[in-house]
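K.L.:
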Amino acid sequence: MTESFEIALSQSKTMMADLNFEDYEEVLFVGKSIGTIVAAAIAAQSAVNDRIRLVLYTPLEETFSFSLRDAVVFTGTGDPWVSKENSRIPELCRERRVPCYMYPDADHSLETGNIQTDLDNMRQIMEKTEEFMKRGLFTKDDSGKGTAVG
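Sequential numbering of the sequence shown, starting at 1038, is according to the numbering used here.
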């Protein structure tokens, strides 16, 4: 996984080389799986990391090795990366005061195998994502239909 992370990080930095984050009041990174580690790493290394917000879909534990200043997490209890015996993702979210929405039986693709449940979950996830995007930096609000852990 380390090699995959290094490749993804290098590619992401190359793609963003011409961006000057200082030109923006806020920057939003959206990551999924290994992309959450890349997003967190780039945010942590940025000179303006206080302007960077993170939407993290099915993050891996390594994501939490970086400072998460303003983030939200979406994951499922059926995700083998979360439901494995010693996963610390819910605990890490609580420790860092990061809202963590856990969807029962949802796997690493946030799917449960029940199309109606999946559609309901995806609607809730997109609503929560939109709420997070509309809020200003560092405003925490865990109200709503998702099951927040943290």
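Even for Gly, the Cβ is constructed at its ideal location relative to N, Cα and C.
Every value quoted in this text rests on a predicted model; they were computed, and no experiment measured them.
Is R1088 helix, strand or coil when you go by DSSP?
P.N.:
Stepping through the sequence shown from its first residue, residue 1088 is reached at position 51. The answer is helix: DSSP assigns R1088 an H, G or I state.
K.L.:
Measuring straight from C-alpha to C-alpha, what distance separates E1059 and L1091?
P.N.:
Locating residue 1059 in the sequence shown gives position 22, where the first residue counts as 1. Locating residue 1091 in the sequence shown gives position 54, where the first residue counts as 1. Rounded to the nearest angstrom, the two C-alpha atoms are 17 angstroms apart.
K.L.:
Reducing DSSP to helix, strand and coil, say where M1002 ends up.
P.N.:
For residue 1002 there is no data in the structure shown, the boundaries of the chain being 1038 and 1187.
K.L.:
Using CA coordinates, which residue listed in V1075, E1062 and E1132 is at the minimum distance from A1045?
P.N.:
Within the sequence shown, numbered from 1, the residue matching residue 1045 stands at position 8. If we check each option's Cα against that of A1045, V1075 comes out closest.
K.L.:
Am I right that D1144 and D1116 are in contact with their C-beta atoms under 8 angstroms? What's the rounded C-beta distance?
P.N.:
The residue you call residue 1144 lines up with position 107 of the sequence shown. The residue you call residue 1116 lines up with position 79 of the sequence shown. About 6 angstroms separates the two Cβ atoms, so the contact holds.
K.L.:
What is the DSSP secondary structure of F1101, counted as helix, strand or coil?
P.N.:
Taking the first residue of the sequence shown as position 1, residue 1101 is located at position 64. Reduced to three states, the DSSP call for F1101 is helix.
K.L.:
Which residue's Cα is closest to the Cα of E1164: F1111, V1135 and W1118?
P.N.:
For the purposes of this step, residue 1164 is taken as the residue at position 127 of the sequence shown. If we check each option's Cα against that of E1164, F1111 comes out closest.
K.L.:
Do you know how far the Cα of S1124 is from the Cα of E1099?
P.N.:
Against the sequence shown, residue 1099 aligns to sequence position 62. Against the sequence shown, residue 1124 aligns to sequence position 87. Roughly 11 angstroms separates the two Cα atoms.
K.L.:
For L1147, which residues of its own chain have a beta-carbon under 6 angstroms away from its beta-carbon, when the five flanking residues on both sides are left out?
P.N.:
Walking along the sequence shown from the start, residue 1147 turns up at place 110. Excluding residues within five positions, the ones whose Cβ falls inside 6 angstroms are G1113.
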